[in-house]
Structures are given as C-alpha cells and as structure tokens.
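> Before I ask anything, let me first share the structure, which is written out below as structure tokens.
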Amino acid sequence: MSPITPSEVARTSVVRTVAELRSRLAAHRRTGLTIGLVPTMGALHEGHLSLIRHARARCERVVVSLFVNPAQFNERSDLERYPRRERDDVALAVEAGADVLFAPSVEEVYPPGFATSVEVLGLTDRLEGAARGSEHFRGVATVVTKLLCMAMPDVAYFGQKDAQQVLVIRRLAADLNLPVRIEALPTVREPDGLAMSSRNALLDPDQRVRALALSAALDRVGELATAGERSAEALLAAAHATLSSAGVSPEYVALVEPDTLEPIDRLTGEALLAIAARIGDVRLIDNATLRPTPAAPSSQRLPGETITRCNA
Ligand code: PAF
Numbered sequence: 230m231s232p233i234t235p236s237e238v239a240r241t242s243v244v245r246t247v248a249e250l251r252s253r254l255a256a257h258r259r260t261g262l263t264i265g266l267v268p269t270m271g272a273l274h275e276g277h278l279s280l281i282r283h284a285r286a287r288c289e290r291v292v293v294s295l296f297v298n299p300a301q302f303n304e305r306s307d308l309e310r311y312p313r314r315e316r317d318d319v320a321l322a323v324e325a326g327a328d329v330l331f332a333p334s335v336e337e338v339y340p341p342g343f344a345t346s347v348e349v350l351g352l353t354d355r356l357e358g359a360a361r362g363s364e365h366f367r368g369v370a371t372v373v374t375k376l377l378c379m380a381m382p383d384v385a386y387f388g389q390k391d392a393q394q395v396l397v398i399r400r401l402a403a404d405l406n407l408p409v410r411i412e413a414l415p416t417v418r419e420p421d422g423l424a425m426s427s428r429n430a431l432l433d434p435d436q437r438v439r440a441l442a443l444s445a446a447l448d449r450v451g452e453l454a455t456a457g458e459r460s461a462e463a464l465l466a467a468a469h470a471t472l473s474s475a476g477v478s479p480e481y482v483a484l485v486e487p488d489t490l491e492p493i494d495r496l497t498g499e500a501l502l503a504i505a506a507r508i509g510d511v512r513l514i515d516n517a518t519l520r521p522t523p524a525a526p527s528s529q530r531l532p533g534e535t536i537t538r539c540n541a
C-alpha cells in the first residue's frame, strides 16, 4: 500500500465543524452502522493508536477527535506547552483505522455565549480533582459530554491510564442517560515500563530516566502485595521509598477502592494504586489495579499468582 500523503489525508478525513461531522455520520447512522469514538487531545502515541485499532476491529465507522480542550487545563503554561502536531496525528489515526477525524476550533466547541458545564460530584474531589482543582474534571466532563452529543457514537474508548477520568465519564454517561457504552482499555507502556503519555515528549533525557520511578513504584507495591503484604500504610511507604530513591516527590500516592476512590487501609479486594508526580515541570500520572486472589498453598503457587497488576 502506498503511504498516505498529508494532503490526501486532510482532504478525505478531517472535519472541522459539528455540522460537517453530523452530515458525515448521518448516512452511517441511518444504515445502522456501529460508530466508535476515540476522544483525544492529539499528540497521538501508541496508547491512542491501540484505542483506534481496537475501535476499528469492533465498529463499522471510527471517529477520532483531536481537540486540546482549554477548559480542562488548570495551568496556562501546561495548555500552551501541550504538544500539537495535527498533520502527524491525522496520518497516524488514518493508518490505525480512523474514518473521520474531528478537529474543531475552540470557538466551534465553545462558541460565544457558551455557559453550560457538566460537573460530576464526589468522585472528582479526590486524587486528580484534589491535586488539580475542580475545573479540571469540570472541563473534561463538559467536553466529553459535548463530544458524545456531537458524534453520538455507540461506543466511546478511553485509556485506563486516566483511571479516574474513566470513572467520571462512566458516571456522567449513566447519570445523563447517554446512549453510549464507555470502554476502557489497558495502559500501553514503553518497553522500560513508562506509561505512554503525550507529555512524555516534554521530558529531557535525565527526566525521562527519573520518570521511570512511577512504574517502578507500582511494580514494587505489586511485588510486596504478591508476597502477602496487605497493609496500605506499608504498601504506600514502599511506593514513596521507590519514588524518593529516584529523587521524585509525588503529588500523591494513593491506594483506593477502584469504584469510589475511597482510601483503603487494607488490601482485601481489588484496589487502585494511583500516583501523580512532577518530573521537572512535566506532570505525569500512572496507576495499577491490584487484585488479591485467595492464597493457594505455597507449593502450588506460581510467581505473581497471589496478586496481579492488571493494567501494567
Ligand atoms: O484523555 C484525554 O485526552 C482528554 O481528557 C479527553 C478525554 C480527550 C477530553 O479532552
């Protein structure tokens, strides 16, 4: 297959307005084709591409949105520095199976007079909400609700790296009776364990090495849990020690109940271990789900059987 040229890609696939998006999708909808939506802020990496490929394998039409949503950035400098490379994104998304790229302007999404916001209460007070302020999830919830209303997909795909975001989106879709299924797919990692993120491109070589402390801390806690440690205090202390030995002081390290995000004292069932840290001025997050299983007699136990990190 000859490579897709940028002009071909742009001509065939990119739509900029809600009206164009709706008219592109209307015929598909009338004929009952399944529509999948992969919302992104661009700077696509393998994590996004795995969502697009997954959607391609399951839906008859795949829409990818590329929109750096100003409403969810609590720091102006973070918004300004956020990587933007639409040409590359379009080619990558088409290659991975996108049929339609929706790349609206800020004015198209938030026209003059725009005055509505979606706020998911409770869940958004914790972890990222506590660290970044309430405007972050208000911005995410508002834009995702709008994207779901604009594209009206049957299924929307998100990465489990943003575990709290997935919970917030599932909650809003259920509460607002949106006729969409929300699917979360496992975090995609670099070979050395670093979770893929558009922000990784902002790390210098030294910061890139230090950033590995996040996945190393998740691994260390997984090992301790596998060895039978159940105290949240001990598990969290081990995560802090791993981070601090790499010179990383986290914004938070939390062991929480995976649906409510309530802190837990002991690992008795499935739990979410979540970390946020700044490496220089690049803010990264990562998480793992810990699943204790009933201990088998040690003679029958395989390494890693007692507890598994499912989204490593
Ligand atoms: O996860 C992201 O990239 C963004 O938060 C999302 C879901 C595309 C909303 O802007």
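Here my numbering = 1-based position in the sequence shown + 229. Yeah, the Cβ is synthetic: ideal placement off N, Cα and C, and Gly gets one too. Since we're looking at a predicted model, the values are computed, not measured.
#1: Given this structure, state the Cα-to-Cα distance separating Val395 from Leu376, to the nearest angstrom.
#2: Which two residues bound the contiguous beta strand (DSSP E) that contains Phe331?
#3: Which runs of the alpha helix (DSSP H) fall wholly inside the region 359-411 and span at least 4 residues, in chain order?
#4: So the candidates are Ala461, Leu414, Gly457; which of them puts its Cα closest to the Cα of Ser279?
#5: On a Cα-Cα basis, can you pick out the residue from Val244, Glu315, His257, Val247 that is closest to His274?
#6: Kindly give me the distance between the Cβ atoms of Leu356 and Leu490, rounded to whole angstroms, as I take these residues to be in contact under 8 Å.
#7: Taking the straight line between their C-alpha atoms, what separation do you get for Thr371 and Ala300?
#8: Quick one, are the C-beta atoms of Ser242 and Ala359 less than 8 Å apart?
#9: Which stretch, first to last residue, makes up the alpha helix (DSSP H) that contains Ala445?
#10: By DSSP, does Ala322 sit in helix, in strand, or in coil?
#11: Under 8 Å, do Leu200 and Ile493 count as touching if we go by C-beta distance?
#12: Would DSSP call Arg507 helix, strand or coil?
#13: Can you grab the Cα-Cα spacing for the pair Leu441 / Val291, in whole Å?
#14: Under 8 Å by Cβ, that's how I've got Gly265 and Tyr339 pegged, so tell me the actual separation to the nearest angstrom.
#15: Please determine, among Asp307, Gly457, Glu486, the residue with the shortest C-alpha to C-alpha distance to Arg512.
#16: Identify every residue that forms a DSSP beta bridge with Asp515.
#17: Would the beta-carbon of Phe387 be found less than 7 Å away from any heavy atom of ligand 1?
#18: Would Thr416 pass as a contact of Gly388 if the rule is Cβ separation under 8 Å?
#19: With a threshold of 7 Å, establish whether the CB of Met379 neighbours any heavy atom of ligand 1.
#20: Taking the beta strand (DSSP E) that Arg290 falls in, what are its first and last residues?
#21: Look at the alpha carbon of Leu453 and the alpha carbon of Leu447, and state the distance between them as a whole number of angstroms.
#22: Measuring only from the beta carbon, is Val347 closer than 7 Å to any heavy atom that is part of ligand 1?
#23: Check this for me: beta carbons of Val297 and Ile281, under 8 Å apart or not?
#24: Say the cut is 7 Å; is the CB of Met270 nearer than that to a heavy atom of ligand 1?
#25: I need the DSSP call for Val244, collapsed to helix, strand or coil.
#26: Shortest alpha-carbon distance to Met173 belongs to which of Asp435, Leu262, Arg313?
#27: By the three-class DSSP mapping on this structure, what secondary structure does Glu480 have?
#28: Specify, as a first and last residue, the run of the alpha helix (DSSP H) that Ile276 falls within.
#29: Give every residue of the same chain whose Cβ lies closer than 7 Å to the Cβ of Val397, excluding the five residues on either side of it in the sequence, and list them in chain order.
#30: Looking at the C-beta of Ile398, does it have a partner C-beta in chain D at a distance below 8 Å?
Taking the structure as given:
#1: Working through the sequence shown from its first residue, we reach residue 395 at position 166. Working through the sequence shown from its first residue, we reach residue 376 at position 147. Rounded to whole angstroms, Val395 to Leu376 spans 15 Å at the Cα level.
#2: Counting from 1 along the sequence shown, the entry for residue 331 is found at position 102. Segment 329-331, the beta strand (DSSP E) holding Phe331.
#3: Secondary structure in the region 359-411: the alpha helix (DSSP H) runs of 4 residues or longer, each lying completely within the stretch, are 363-380, 392-404 in chain order.
#4: Indexing the sequence shown from 1 puts residue 279 at position 50. Nearest neighbour of Ser279 by Cα position, chosen from Ala461, Leu414, Gly457, turns out to be Leu414.
#5: Here residue 274 refers to the residue found at position 45 when the sequence shown is read from its first residue. Per the Cα distances, Glu315.
#6: For this step, residue 356 is matched to residue 127 along the sequence shown. For this step, residue 490 is matched to residue 261 along the sequence shown. Rounded, the Cβ-Cβ distance is 6 Å, consistent with contact.
#7: To locate residue 371, count along the sequence shown from 1; it is residue 142. To locate residue 300, count along the sequence shown from 1; it is residue 71. Rounded to the nearest angstrom, the two C-alpha atoms are 8 Å apart.
#8: On the sequence shown, position 13 is the one that residue 242 refers to. On the sequence shown, position 130 is the one that residue 359 refers to. It is not a contact, given that the beta carbons lie outside the stated cut-off.
#9: Counted from its first residue, the sequence shown places residue 445 at position 216. Unbroken alpha helix (DSSP H) run through Ala445: 441-455.
#10: What you label residue 322 is simply residue 93 of the sequence shown in a count that begins at 1. Helix, per DSSP.
#11: The first residue shown for the chain is 230 and the last is 541, placing residue 200 beyond what the model contains.
#12: Position 278 of the sequence shown holds residue 507. Strand, per DSSP.
#13: On the sequence shown, position 212 is the one that residue 441 refers to. On the sequence shown, position 62 is the one that residue 291 refers to. Rounded to the nearest angstrom, the two C-alpha atoms are 33 Å apart.
#14: Counting from 1 along the sequence shown, the entry for residue 265 is found at position 36. Counting from 1 along the sequence shown, the entry for residue 339 is found at position 110. Their Cβ separation, rounded to whole angstroms, is 25 Å, which puts Gly265 and Tyr339 out of contact at 8 Å.
#15: Counting from 1 along the sequence shown, the entry for residue 512 is found at position 283. Comparing Cα-Cα distances from Arg512 to each of Asp307, Gly457, Glu486, the minimum goes to Asp307.
#16: For the purposes of this step, residue 515 is taken as residue 286 along the sequence shown, with counting starting at 1. Note: Asp515 sits in a beta bridge opposite Ile504.
#17: Working through the sequence shown from its first residue, we reach residue 387 at position 158. At least one heavy atom of ligand 1 is found less than 7 Å from the C-beta of Phe387.
#18: Numbered from 1 along the sequence shown, position 187 holds the residue referred to as residue 416. Numbered from 1 along the sequence shown, position 159 holds the residue referred to as residue 388. Yes.
#19: What you label residue 379 is simply residue 150 of the sequence shown in a count that begins at 1. Because no heavy atom of ligand 1 lies under 7 Å away, the Cβ of Met379 does not count as near it: no.
#20: Along the sequence shown, read from residue 1 onward, the residue named residue 290 stands at position 61. Element bounds for Arg290: 290-295.
#21: Counting from one through the sequence shown, the residue named residue 453 turns up at place 224. Counting from one through the sequence shown, the residue named residue 447 turns up at place 218. Distance between the alpha carbons of Leu453 and Leu447 is about 10 Å.
#22: By one-based count along the sequence shown, residue 347 stands at place 118. Not under cutoff, so the answer is no.
#23: Within the sequence shown, the letter at position 68 stands for residue 297. Within the sequence shown, the letter at position 52 stands for residue 281. Their beta carbons are not under 8 Å apart, which means Val297 does not touch Ile281 by this criterion.
#24: Residue numbering aside, residue 270 sits at position 41 when the sequence shown is read from its first letter. Checking the Cβ of Met270 against ligand 1 gives yes.
#25: As a first step, residue 244 must be located in the sequence shown, where it is residue number 15. Strand at Val244.
#26: Nothing about residue 173 can be read from this structure; the chain reaches only from 230 to 541.
#27: In the sequence shown, residue 480 corresponds to position 251, counting from 1. Strand.
#28: Here the question's residue 276 lines up with position 47 in the sequence shown. Reading off the sequence, residue 276 comes out as Gly, not Ile. Run containing Gly276: 275-287, per the alpha helix (DSSP H) assignment.
#29: Indexing the sequence shown from 1 puts residue 397 at position 168. The answer, listed in chain order, is Val349, Leu352, Thr353, Phe366, Val369, Ala370.
#30: The structure shown contains no chain D; it holds only a single protein chain.
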